[in-house]
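Notes for the one structure printed next.
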Amino acid sequence: MYPPFRLALGAVTAAVLTSTIAIRAQQARGEAPPAQPMSPAELELQRAMRTINSDKPALRAALTDPANADVPKVKAEIAALKAAYTSAESFFKDQKADDAVGWAGDALKLVATIEAAASSAPPNWDEIRAASPKFSPICSRCHTARREQLSDGSYRFKARDSRAEYDSYLAAVRAAAMRGDAEALGALVTADHVAVTGATGATVRGRAAQIASDTIAFGQMQIESFEMHATSFRSDGALMYAAGTGTHVSSDRSTGRKETDSFQYVDVLIRERNGHWRSQYFMNAPMPR
Ligand code: HEC
């Protein structure tokens, strides 16, 4: 007999559950998650970035032709830049993104330099000219670490490394499995989750069916040890996928017999509107013997 427990895939007693699964599958259809809208704070960051990125015509003209500089306009452009970086800095402070707070601070120091140079009489255009190219490496550093592009081409603040998100998801899966907590496992999958096991070809559709099948499995056996390792990982915006291997040891509650289950898997997760990462597709197959 194929061992009953298949994490997040409930190959268990598929026959018993067939009707539940069919009903849930119908309910789950058409529940694909919509793209997350930006929060008000994110919209403000976007406005700040667009200001930072905008052309500064008076400043540009002053650097090419200092004799005809429109100094009040130049000062207004610098003030807008300062306000934008200050707003970005406070966004990153709220997010506790210390690295980004640091880069926003570096940019603000440069802004202070050009602000002082523009305010001296006469303005020190050479100093502004020398400071200007120093912004761009700061932009790149912060964008590399803290900006991500979604598949629709738009940009978002990257709250945390997605690999760290995946590892904490795996830790939650492990903790729930070790406790035999089918509800907690269910909370880690989407409502329309689909799990397939290559060992039997059994498919479980929907969170409710998943919970029902894991509840039966945990009634029959207990997880003694649990390991899953991603050997391959990729993410893009609200999507991430991992492929890897796992080993579970379970013991039968009535006979005490232990079984080791070694498998290879693919797991596809999506970030839902509330920011939670959940598994939408999970497929596994036994390791070759
Ligand atoms: C401290 C971090 C940080 C710094 C410094 C920074 N950015 Fe950004 N930038 C971000 C983040 C995060 C996003 C994604 C959020 C967004 O697009 O609203 C972003 C988005 C953008 C966007 C896309 C805006 C949009 O339409 O969504 C542009 C353009 C941009 N930055 C330009 C710049 C330029 C140019 C600089 C330097 C002169 C710069 N940024 C400096 C963090 C930073």
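Just so we're aligned, residue 93 is where the sequence shown starts under my numbering, counting upward by one.
All residues carry an ideal CB built from backbone N, CA and C; glycine is no exception.
As the structure is a computational prediction, the values presented were derived from the model and not from experiment.
Beta carbon of residue i: closer than 7 Å to some heavy atom of the ligand FMN?
| i | result |
| --- | --- |
| L137 | The ligand FMN is not among the ligands present in this structure, which contains only the ligand HEC. |
Please work out which residues of its chain come closer than 8 Å, Cβ to Cβ, to residue i, disregarding the five sequence neighbours upstream and downstream, and give them in chain order.
| i | result |
| --- | --- |
| G272 | F310, Q314, I315 |
| Q118 | Note that Q118 scores a pLDDT of 36, beneath 50, so its modelled location is shaky and nothing firm can be said. |
| A150 | A161, D162, K165, V166, A168, E169 |
| T143 | A172, L173, A175, A176 |
| G122 | Reliability of the predicted coordinates at G122 is poor, the pLDDT of 39 falling under 50, and the value obtained from them is presented with this limitation in mind. The answer is none, since no qualifying residue turns up. |
| T323 | A335, G336, T337 |
| R349 | S343 |
| Q138 | M130, Y247 |
Thinking residue i and residue j are a contact (beta carbons under 8 Å), I'd like their distance in whole angstroms, please.
| i | j | result |
| --- | --- | --- |
| G278 | R299 | 5 Å |
| A140 | A180 | 5 Å |
| A276 | A268 | 4 Å |
| R370 | V281 | 6 Å |
| A330 | R363 | 4 Å |
| S254 | S327 | 4 Å |
| A294 | R238 | The Cβ separation is near 42 Å, so there is no contact. |
| M375 | Y357 | 7 Å |
Ignore the nearest five residues each way along the sequence and tell me which others in residue i's own chain have a CB closer than 6 Å to its CB.
| i | result |
| --- | --- |
| G290 | A377 |
| T307 | A274 |
| A154 | A161, V166 |
| A199 | Y177, I230 |
| V360 | Y333, Q372, Y373 |
| V104 | Reliability of the predicted coordinates at V104 is poor, the pLDDT of 41 falling under 50, and the value obtained from them is presented with this limitation in mind. So the qualifying residues of the chain are P96, S305, I308, A309. |
| K148 | E169 |
| L262 | M320 |
| V288 | T295, M375 |
Would a check of beta-carbon distances place residue i closer than 8 Å to chain D?
| i | result |
| --- | --- |
| A294 | Among the protein chains of the structure shown there is no chain D, as only one such chain exists. |
Closer than 7 Å by C-beta to residue i: which residues in its own chain qualify, once you throw out the five before and the five after it? Chain order, please.
| i | result |
| --- | --- |
| R233 | W195 |
| T251 | Note on identity: in this sequence residue 251 is Ala, with Thr being the wrong assignment. So the list reads Q187, once near-sequence residues are dropped. |
| V193 | E181, F184, K185 |
| S197 | A small correction: the amino acid at residue 197 is Gly; Ser does not occupy that position in the sequence shown. Same-chain partners within the cutoff: E181. |
| M270 | I315, F318 |
Among the candidates the options, whose CA atom is the shortest distance from the CA of residue i?
| i | options | result |
| --- | --- | --- |
| P158 | L202, Y357, I144, N216 | N216 |
| K201 | H321, S317, I230 | I230 |
| E134 | P380, E240, R381 | E240 |
| R266 | R349, G348, T339 | T339 |
| S260 | E219, H321, S224, S243 | H321 |
| T156 | T236, L137, D218, A263 | D218 |
| K226 | A213, I206, P214, V360 | I206 |
| T236 | D191, G197, A213, D198 | D191 |
| Q312 | P132, S346, R365, A294 | S346 |
| S224 | A204, R238, A213 | A204 |
| F355 | T292, P214, R152, P132 | T292 |
| A264 | A210, E319, S228 | E319 |
| S403 | P214, M130, H368 | Since the first residue of the chain shown is 93 and the last is 381, residue 403 is not available in this structure. |
| F325 | Y258, D344, K148 | Y258 |
| A210 | L262, S228, R152 | R152 |
| S228 | S317, A301, P132, N145 | N145 |
| A283 | K148, H368, L262 | H368 |
Item to check | 4-residue-minimum alpha helix (DSSP H) runs that sit fully inside the region 235-293, ordered along the chain | outcome: With a minimum length of 4 residues, the continuous alpha helix (DSSP H) runs that stay inside the region 235-293 are 254-271, 274-278.
Item to check | Within the region 285-345, ranges of the beta strand (DSSP E) (whole runs, at least 3 residues) | outcome: Runs of the beta strand (DSSP E) inside the region 285-345: 295-297, 313-328, 331-344.
Checklist entry - Along the chain, which unbroken stretches of the alpha helix (DSSP H) at least 4 residues long are found entirely within the region 201-236? => result For the region 201-236, whole alpha helix (DSSP H) runs of length 4 or above, ordered along the chain, are 217-223.
Checklist entry - What are the complete alpha helix (DSSP H) segments, minimum 4 residues, inside the region 118-184? => result Restricting attention to alpha helix (DSSP H) runs no shorter than 4 residues, the region 118-184 encloses them at 132-145, 149-156, ordered along the chain.
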